[in-house]
Structures are given as structure tokens and as C-alpha cells.
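In what follows, a single structure is set out as C-alpha cells and then discussed.
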Amino acid sequence: MSPFPTKEHIAALKILVVGDVMVDRYWFGAVNRISPEAPVPIVKVTRKEDRLGGAANVARNCVALGAQASLIGFIGNDEAGTSIQQMCQAEHVEPYLCIDNDLPTILKLRILGRQQQLLRVDFEQAPSPAVLTQLETYFSDLVAQHHIVVLSDYAKGALNRVETLIQTAHKQGVPVLVDPKGDQYSRYTGAASITPNRLEMEQAVGKWASEDDLTARAQALRQRLNLEALLITRSEQGMTMYTAQGRAHAAAEAQEVFDVSGAGDTVLATLAVTRAAGLSWVDAMHWANKAGSIVVGKLGTSTVTAEELR
């Protein structure tokens, strides 16, 4: 496996992340009794924390690895949107955020007691066509200034016109990596790579009976979408990559899995940085696998640094 790129090499890389930007909000507290109103625990909140989520977490992970990251997405004109802008500044992510006064910023509120998640509450609303047009304008203006594009699709609406974004990047000669959602993968035709997890892959190609069956289905999908690589993240089974050269697999390395939220973002960011640095698809997969194994040992949406990988 090729060495992880040098600090100086990574610092020159520019990653453009586009997708569903959200706040991952955590309320931590103590649970000492059950509510008399319903059979649910009462959480006495003692600490609150906001983190960049969704596409913003991908950008944050790119920066944590030492690269430069620009972020395109949409937010509402509200407290959560302000929080995202402030966190982008603190995390050294360059934001290009379309503000829609008529919708809330996407927010996932997680309530935790005794280090366990008790409840998650989601706030979200699809963006207007005007916001999507502004997003496309940002993308057209910025794409040529970057080494690689990452599309982070959480099915919240930012990538409703993903075909146009991929075509624009293709014309500029900038490769596109996609974290997909849903089962309509034809939308991602022309990307360099997609990174579905096990469930997402099953939704796209159906259940497979064996590894050989999966390989046949994966290679057929890769060829149909004109991808260079298809990477399936498979939790405790590691990850498997399919290219024109065949199949490559990386076994899971995690010693202890504490929290898988955001792990796919870390994998995607590491894949983007290593590919932008010139590593082969297979070497990039192995580094992404190592990064994913580290981040699942951390609570909540977190990052991995280049120092942790080296």
C-alpha cells in the first residue's frame, strides 16, 4: 500500500463538497427516573453540543486530514443556519451556502443519557427550485478551481439536480465521488465513483446469494453507470471495491465500535483526499478503511487526522 500523502502535498489539495448540509445537535444528560406521564426516561440535560453534519461533516473531515475544502449546500435563515456558518469558520471550511427564508436548516437532534442515544428528532424540508438554481450557479463558478468533487447525498433535496452537477464537473475534467441514496442510481452516471453501504447497495441491485453474485451485480452496475470504481462499505465485513481491474477487499480494522454515525462521511473524505493526491483506487480504499475503523471508536460525528493514519 502506498504511504499516506505528505502534509505538504495534502495542504495543496482543494476539495469541493456539495450536498445536504445539516447540524448534528447533541444534548447530553443524566437519567435517574421514568416519567410519570409515559413510560419514557426523563433526561436532565447537562451539556449541549453542535457539530457539522451531512455534507458539512465530509468537508470538516477533508480539512481534518489537512486539505482545503469548500462547501456548497442550503440552510435556513435561523439559529441552526447561523450555527453552521459559525462552525464552518471555526473548522476552516469555506462555505457557499444558499439561504432559504422559507425552510428550516436541516437538524438532527440526538438526546443521550449514560452515553447512549435515547432519541433522535429530525427537522427538515425540501429546498425550493430557486435555491437549487443558486446552488448550481455556485457549483459552475467553483468546480474548475478544485481537484475533486464530493457529492454527499442524504436525500434531503440539495442534490435533486445531481445529473447537471456531474455533467458540469465532467466538462471541466474534475472527477466526482458520490455517497448515494435511494435506488435510482442512474442519476449518478458519469461519476468517477460511488460509495454505497451494504443496505444501499442491496436497494440498488437486490439481494445477492454469494460473493460471486455480488461481484457480478456490482460490476454490472459499475459498467452501466460508467464508473471507474464502486466501493461498498460493509460495516464489520470491511469494504469491497470493484474496478475494471477486478475486485479488492479490505477487512474491518475497528477494535471497538462506539458510534457509527458519520463514519461514511469520514470514509468518503479520506477517499477524496487520497485520490486527489494521486493514489490508486485500491490504495485509497485501504486508507479510507483505516480512517473509518478509527472514527467509529469516537462518539458522534467526528473526524480523523492524518497523524492518526500515519
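Counting the sequence shown from 1 gives a position; my numbering is that position plus 1065.
Just so it is clear, CB atoms sit at the ideal spot from N, CA and C, and this is done for glycine as well.
Go to residue i, then tell me how far its alpha helix (DSSP H) extends in each direction, as first and last residue.
i	result
N1122	1120 to 1129
Q1268	1263 to 1270
Y1203	1194 to 1207
A1337	1328 to 1341
V1347	1346 to 1360
D1277	1276 to 1289
L1168	Counting along the chain, L1168 falls outside any alpha helix (DSSP H), and DSSP gives it neither H nor E.
V1227	1227 to 1236
M1066	Here M1066 belongs to no alpha helix (DSSP H), and DSSP marks it neither H nor E.
Q1310	Element bounds for Q1310: n/a, residue is neither H nor E.
A1155	1144 to 1156
Can you give me the start and stop residues for the beta strand (DSSP E) that residue i sits inside?
i	result
N1097	1086 to 1099
G1375	The question names Gly, yet the displayed sequence has Arg at residue 1375. Unbroken run through R1375: none, as it is neither H nor E.
V1186	1181 to 1188
S1217	1213 to 1217
R1175	1171 to 1178
V1241	1241 to 1244
Going by the DSSP bridge assignment, what does residue i pair with across the sheet?
i	result
I1075	Beta-bridge pairing links I1075 to no other residue.
C1163	F1139
M1304	T1298, A1315
R1112	F1093
P1106	I1099
S1258	L1242, A1294
L1117	V1088
Out of the options, which has the shortest C-alpha to C-alpha gap to residue i?
i	options	result
E1156	R1312, T1368, R1375	T1368
G1011	Y1250, L1364, G1118	In the structure displayed, the chain extends from 1066 to 1375; residue 1011 sits before or after that span and is not available.
S1135	E1073, K1113, L1207, L1296	L1207
D1115	A1124, L1168, F1093, N1126	F1093
A1317	V1360, S1205, V1243	V1360
T1202	A1315, L1162, M1306	L1162
V1239	D1248, I1213, R1226	I1213
P1169	G1146, L1296, C1127, V1082	G1146
E1373	L1130, G1327, N1122, D1278	L1130
Can you tell me the Cα-Cα spacing of residue i and residue j, whole angstroms?
i	j	result
I1075	L1286	32 angstroms
G1303	A1353	11 angstroms
A1193	Q1150	At residue 1193 the sequence reads Ser, which differs from the Ala that was named. Each residue's Cα considered, the two are about 20 angstroms apart.
L1117	R1175	13 angstroms
V1332	R1299	12 angstroms
I1259	N1291	11 angstroms
D1330	R1098	36 angstroms
Q1190	S1067	43 angstroms
P1160	A1124	10 angstroms
Y1091	L1177	7 angstroms
I1137	V1083	5 angstroms
K1079	I1231	17 angstroms
G1327	N1122	7 angstroms
For residue i, decide whether its Cβ has a neighbour in chain C, counting only Cβ atoms nearer than 8 angstroms.
i	result
T1260	The chain inventory of the structure shown lacks chain C, comprising one protein chain alone.
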